[in-house]
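Below is one structure, written out as structure tokens, with a few remarks after it.
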Amino acid sequence: MQLFEMTWPQVQDLSPLMPVVIPIAALEQHGPHMPVFTDSLLLGEISRRLEEQLSEQVLFAPLMWLGNSEHHLDFPGTLTAAPRTYLDLLKDVVRNFLTHGFRYVILLNGHGGNMVPSQQALFELRQEKRDRDDIRMYSATYWESGDAPSDPSFRQTKMAHAGEWETSMILHLHPHLVGEISELEPMTQKIPCAPAQLAWITKDRSPLGYIGDPAAATAEKGAKLLDHFTGNVAAMLRLIIDDANAV
Ligand SMILES: [Zn+2]
1125 MQLFEMTWPQ VQDLSPLMPV VIPIAALEQH GPHMPVFTDS LLLGEISRRL
1175 EEQLSEQVLF APLMWLGNSE HHLDFPGTLT AAPRTYLDLL KDVVRNFLTH
1225 GFRYVILLNG HGGNMVPSQQ ALFELRQEKR DRDDIRMYSA TYWESGDAPS
1275 DPSFRQTKMA HAGEWETSMI LHLHPHLVGE ISELEPMTQK IPCAPAQLAW
1325 ITKDRSPLGY IGDPAAATAE KGAKLLDHFT GNVAAMLRLI IDDANAV
């Protein structure tokens, strides 16, 4: 079910146990070869497929396209909320659904920079609502919601910004939006002193704004990746639906 299509009496009639999914993405540079709306296009497509599969069981909020992308601001076109503004924005939207009586809320994320704020937002809300024992709030990132896709044709073994995987998925969905990729060198710069966590901005790691190996992308790989990730998220959402229905 899609919130944007509904009237308020229809929303009022929904079960408070119906899980609410809030897709959260971004508008930020994705290398010299892909559009700035890449994360929103990909999560939008995954959300569309999930809504088709689970339309009677889950309420989908419209995708939030403004994310936490300050680390990409050196590249023109990137739009971002300030990190603390973003944290508060997420808390406000989740709080709205709790106000309307919903008890299960999921922040479904499609952008690396949103991972920490989405977890922190729900952590803080849980402390604020510590007297409630009937609510459950989850955050999940679509490419980390199950096993990693493994295929002998993939050069990357994990997600990398605007690399093989994201470029493949956009090639599958919107080939006319992908520029020349054959000349792009792999960008596998190691983070110094790992496992220590380096605080970085994107240009520290990549002068052109991508990481990974976009030249290895194909539309066929993109079709496999989208199927795999959608399947993982659908399985995770079914766990939450079952948990809510067991109440
Ligand atoms: Zn991305």
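In the working numbering, the protein residues as written are 1125 to 1371.
Glycine is no exception: its CB is placed at the ideal position from the N, C-alpha and C atoms.
Helix, strand or coil, according to DSSP, for residue i in the structure here?
i       : result
Ala1245 : helix
Leu1138 : coil
Thr1265 : strand
Arg1260 : strand
Gln1181 : coil
Gly1336 : strand
Leu1203 : strand
Leu1197 : coil
Ile1230 : strand
Val1144 : strand
Gln1321 : coil
Leu1239 : The question names Leu, yet the displayed sequence has Met at residue 1239. Reduced to three states, the DSSP call for Met1239 is helix.
Leu1187 : coil
Met1125 : coil
His1224 : coil
Quick check: what's the CA-CA separation for residue i versus residue j?
i       : j       : result
Ala1343 : Thr1223 : 43 Å
Trp1289 : Ser1242 : 23 Å
Gln1136 : Leu1187 : 21 Å
Asp1275 : Gly1346 : 12 Å
Leu1165 : Pro1207 : 22 Å
Thr1281 : His1352 : 14 Å
Ala1264 : Ile1230 : 7 Å
Ala1368 : Pro1143 : 8 Å
His1196 : Met1283 : 17 Å
His1300 : Gly1236 : 25 Å
Glu1176 : Val1371 : 25 Å
Tyr1266 : Glu1307 : 29 Å
Ser1277 : His1285 : 19 Å
Lys1215 : Met1158 : 30 Å
Gln1153 : Gly1287 : 12 Å
Ala1205 : Thr1291 : 25 Å
Gly1155 : Pro1140 : 42 Å
Gly1303 : Gly1201 : 16 Å
Going by the CB atoms, is the gap between residue j and residue i shorter than 7 Å?
i       : j       : result
Arg1260 : Tyr1228 : yes
Ile1335 : Met1311 : yes
Ile1148 : Asn1220 : no
Gly1234 : Asp1328 : no
Ala1213 : Leu1127 : Per the sequence shown, residue 1213 should be read as Leu rather than Ala. For Leu1213 and Leu1127, no; Cβs fall outside 7 Å.
Leu1151 : Val1160 : yes
Leu1203 : Ala1245 : no
Ile1305 : Pro1273 : no
Using a C-beta cutoff of 7 Å, does residue i count as contacting chain C?
i       : result
Asp1137 : The displayed structure is made up of one protein chain only, and chain C is not part of it.
Taking contact to mean 3 or more Cβ pairs, one atom from each stretch, closer than 8 Å, check whether the stretch 1245-1257 and the stretch 1166-1176 are in contact.
Verdict: no, contact absent.
Evaluate contact between the stretch 1359-1370 and the stretch 1303-1319, counting only Cβ atoms and requiring at least three cross-stretch pairs below 8 Å.
The count of Cβ pairs closer than 8 Å, one atom from the stretch 1359-1370 and one from the stretch 1303-1319, stays below three, leaving the stretches out of contact.
Would you be able to state if there are at least three C-beta pairs under 8 Å between the stretch 1131-1145 and the stretch 1188-1207?
Too few Cβ pairs lie closer than 8 Å, so no.
To test your reading of the DSSP string, which unbroken alpha helix (DSSP H) runs of 4 or more residues are found completely within the stretch 1268-1298?
At a cut-off of 4 residues, the continuous stretches assigned as alpha helix (DSSP H) that sit fully inside the stretch 1268-1298 are 1288-1297.
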